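What follows is a short report on a single structure.
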């Protein structure tokens, strides 16, 4: 299951999306997430689904690999659906004891499930098509106006990129520790929820130790290379907008405007 988490991983291939400026992909991801909260009916979600499907097709990342990350959030998805299904007041469709499923709750539960799924897949498109270094450069460029307010933009972008990059590394480390513990007789599958939680204690201790060790190694490596923050640092490949980036902004503007029109008039 840990291998199913694709957030933070980079999928190496040639595509139009891979070649886009990381700033474009960051802005597109933010706009797509905002659009999911702008639309309020099935027409809007259909437009978001079409836009997301086109982006996945252009990225050349296999669809099976893209949706593989959904398996890791099934539990969160189920909780969201159940809460909206049973706790939303409205016209009762089915009732047993104190539990009631309403028409409004059913609609809201389905919409929330679709919204959460689109949000995860949309974010995965960005991370799967953008290297951590490019992601750092893009975030730093986008947050540059915050320097007026004395915000350490480079350091913030670096921390966010490192945190994102550590996700697949720590997942791989967790998988190795679990296999080592299972080889020694540990059981992570049987028992109730409390027993499973207790069984994770021998897993969390070495995982935290490994995480701190990796963080220390990274800090020493950065210090050995005389890293001193973002001031006066040069770039081997400075970010420059190309024609395809401007075209992507145009497509994004059309999509977002369409979502607003759908919300207002439909």
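In our numbering, the protein residues as written are 101 to 366.
All C-beta atoms, glycine included, are put in the ideal place defined by N, C-alpha and C.
All values derive from a computational prediction rather than experimental measurement.
Contact between the stretch 245-254 and the stretch 128-136 is absent, with fewer than three C-beta pairs closer than 8 Å. In the same chain as residue 234, and ignoring 5 residues on each side of it, the C-beta atoms closer than 6 Å to its own belong to 122, in chain order. The three-state secondary structure of residue 261, taken from DSSP, is helix. Contiguous alpha helix (DSSP H) elements confined to the stretch 122-171 occur at 122-138, 142-159 and 163-167, taking only those with 4 or more residues. The straight-line gap separating the alpha-carbon atoms of residue 211 and residue 366 is approximately 17 Å. Taken atom to atom, the span from the alpha-carbon of residue 153 to that of residue 173 is near 20 Å.
Distance check between residue 240 and each of 256, 248, 232 and 231 places 256 closest, using alpha-carbon atoms only. Between the alpha carbons of residue 306 and residue 259 lies a distance of about 23 Å.
Between the alpha carbons of residue 284 and residue 268 lies a gap of roughly 25 Å. The three-state secondary structure of residue 234, taken from DSSP, is helix. In the three-state DSSP reduction, residue 202 falls in the strand class (E or B). Residue 196: member of the beta strand (DSSP E) spanning 192-196, first to last residue.
Following the DSSP letters along the chain, one finds residue 317 inside the alpha helix (DSSP H) bounded by residues 301-324.
Around residue 221, the same chain offers 152, 156, 166, 167, 169 and 170 as residues with beta carbons nearer than 8 Å, after the five sequence neighbours per side are excluded.
Counted as a single uninterrupted DSSP element, the alpha helix (DSSP H) harbouring residue 184 occupies residues 174-187. Following the DSSP letters along the chain, one finds residue 287 in no alpha helix (DSSP H), marked with neither H nor E.
In this chain, the alpha helix (DSSP H) harbouring residue 358 covers 343-365. In this structure residue 226 does not touch residue 113 by the C-beta definition: roughly 15 Å separates them, more than the 8 Å allowed.
Counting along the chain, the unbroken alpha helix (DSSP H) around residue 117 starts and ends at 116-119.
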